[in-house]
Amino acid sequence: MSARDRLTDALYGAGWAGVRKLPEPVAVRLGQAIADLAWRRRGKGVLRLESNYARVVPDASPERLRELSRAGMRSYLRYWMESFRLPAWSEERVKGGFDPKDLHHLTDGLASGKGVVLALPHMANWDLAGAWVTTKLGTRFTTVAERLKPETLYDRFVVYREGLGMEVLPHSGGTAFGTLARRLRDGGLVCLVAERDLSKSGVEVTFFGERTRIPAGPALLAQQTGALLLPVTLWYDDTAVMRGQVHPPIEVPESGTRDEKTSVMAQALADVFASGIADHPEDWHMLQRLWLTDLDPARGPA
2 MSARDRLTDA LYGAGWAGVR KLPEPVAVRL GQAIADLAWR RRGKGVLRLE
52 SNYARVVPDA SPERLRELSR AGMRSYLRYW MESFRLPAWS EERVKGGFDP
102 KDLHHLTDGL ASGKGVVLAL PHMANWDLAG AWVTTKLGTR FTTVAERLKP
152 ETLYDRFVVY REGLGMEVLP HSGGTAFGTL ARRLRDGGLV CLVAERDLSK
202 SGVEVTFFGE RTRIPAGPAL LAQQTGALLL PVTLWYDDTA VMRGQVHPPI
252 EVPESGTRDE KTSVMAQALA DVFASGIADH PEDWHMLQRL WLTDLDPARG
302 PA
């Protein structure tokens with residue numbers, strides 16, 4: 002393991018070991034201070050965040066984009082402070098920490114026995130939403146985690162999420178899809194963060210007026226298993242409670258090839274994500290390149 006990898010692992014370990022012991026108001030202030038420091042330094046992540054927000058709010062002035070990126074960094078650090086502290090939260094704190102609208106789409110879907118795929122963008126705190134599902138609803142679910150470097154950091158995330166009641170599968174390896182399909186056929190719940198393609202073989206969609214790729218998995222799982230595909234968007238307000246919306250199911254088209262159906266469903270999913278992100282852009286934590294013209298400039302106009 003390189004010195005940089007050891008440092009990264011040590012910092013995350015210190016976060017989980019130390020931040021969880023802080024009183025909540027202290028953790029909130031610490032997160033805001035770290036966010037503001039990173040924002041003022043104008044590093045690559047902050048600049049990329051502003052570039053992404055420029056797609057979401059195309060008429061925003063440079064001053065407005067800077068305001069958004071500052072709010073975005075504060076939201077991002079709120080996610081991390083909450084995540085570091087989640088293992089120490091009481092059941093009542095978890096149950097009271099999330100307030101989703103239209104939850105009946107999820108509960109009715111689970112009651113039907115068909116299985117449910119929840120698909121989310123990187124908004125607010127998806128780990129808190131997952132902990133709420135396992136604690137408040139008493140429903141375990143299966144998810145997929147990106148293999149991080151160093152490997153010890155990936156192991157930390159797996160242990161952390163399994164401690165919240167999730168079954169975690171590695172993104173790489175080729176066996177995740179089959180396991181997810183089996184869970185759904187048994188009437189289970191699968192939760193996937195799904196607006197950024199990690200495989201480079203995702204489905205092209207139009208997202209805020211430009212082309213990008215999103216994972217095909219949610220649409221394919223719904224087609225192959227008969228499970229409901231439910232988009233979910235999350236956001237913060239000025240309270241300690243995270244808000245959310247469970248959107249109506251993305252329907253499987255009645256006709257077309259598998260690829261054609263997947264394309265239609267992926268675009269419908271991207272449209273719901275875009276609507277939720279446009280309503281709460283500061284809570285979309287996308288500090289990486291996403292659009293094809295950013296990933297491959299040759300894809301842009303001549």
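Numbering (our numbering), first residue to last: 2 to 303. The beta carbon of each residue, even a glycine, is placed where N, CA and C say it ideally should be. None of these values were measured; they are calculated from a predicted model.
In this model, His248 and Asp272 are separated by some 12 Å (Cα to Cα).
Between Arg67 and Glu51, the alpha-carbon positions lie close to 7 Å from each other. For Lys137, no beta strand (DSSP E) segment is defined; the enclosing uninterrupted segment is the alpha helix (DSSP H) at 127 to 137.
Sixteen is the threshold: since fewer than 16 other Cβ atoms of the shown chains lie within 10 Å of the Cβ of Thr240, the residue is exposed. According to the DSSP assignment, Met167 belongs to no alpha helix (DSSP H) but to the beta strand (DSSP E) extending over 167 to 171. Judged by DSSP in its simplified three-state form, Ala269 adopts helix. For Gly218, the uninterrupted alpha helix (DSSP H) run begins and ends at 218 to 226, by DSSP. Residue burial annotation: Val160 is exposed, with fewer than 16 other C-beta atoms found within 10 angstroms of its C-beta. Bounds of the alpha helix (DSSP H) holding Ile35 are 25 to 42. Taken in chain order, the complete alpha helix (DSSP H) segments of 4 or more residues contained in the stretch 55 to 117 are 63 to 86, 92 to 96, 105 to 113.
A direct Cα-to-Cα measurement between Leu87 and Gly19 gives close to 12 Å.
Look at the beta carbons and you see the stretch 279 to 287 not touching the stretch 129 to 138: under three pairs across the two are nearer than 8 Å.
In this structure, the beta-carbon distance from Ala125 to Met243 falls below 7 Å. Rounded to the nearest angstrom, the Cβ distance from Leu221 to Thr263 is 6 Å, consistent with a contact under 8 Å. Between Leu165 and Ala132, the CB-CB gap stays under 7 Å.
Around the C-beta of Glu163, fewer than 16 other C-beta atoms lie within 10 Å, and the residue is accordingly described as exposed. Secondary structure of Thr176 (DSSP, three-state): coil. Secondary structure at Thr234: strand, using DSSP grouped into helix, strand and coil. The residue among Asp103, Gly98, Ala34 with its C-alpha nearest the C-alpha of Leu78 is Ala34. Ranked by Cα distance from Trp40, the first of Val253, Arg157, Val204, Gly73 is Gly73.
Closest by C-alpha distance to Leu107, out of Val204, Cys192, Gly97, is Cys192. Distance from the CA atom of Pro282 to the CA atom of Pro63, rounded to whole angstroms, is 15 Å. Apart from sequence neighbours up to five positions away, the residues of its chain that approach Gly277 with a beta-carbon distance below 6 Å are Thr234, ordered along the chain. Cβ-Cβ distances below 7 Å link Pro101 to Gly245, Gln246, Val247 in the same chain, with the five nearest sequence neighbours on each side left out; the list follows chain order.
Counting only the Cα atoms, Glu255 lies some 31 Å from Leu291.
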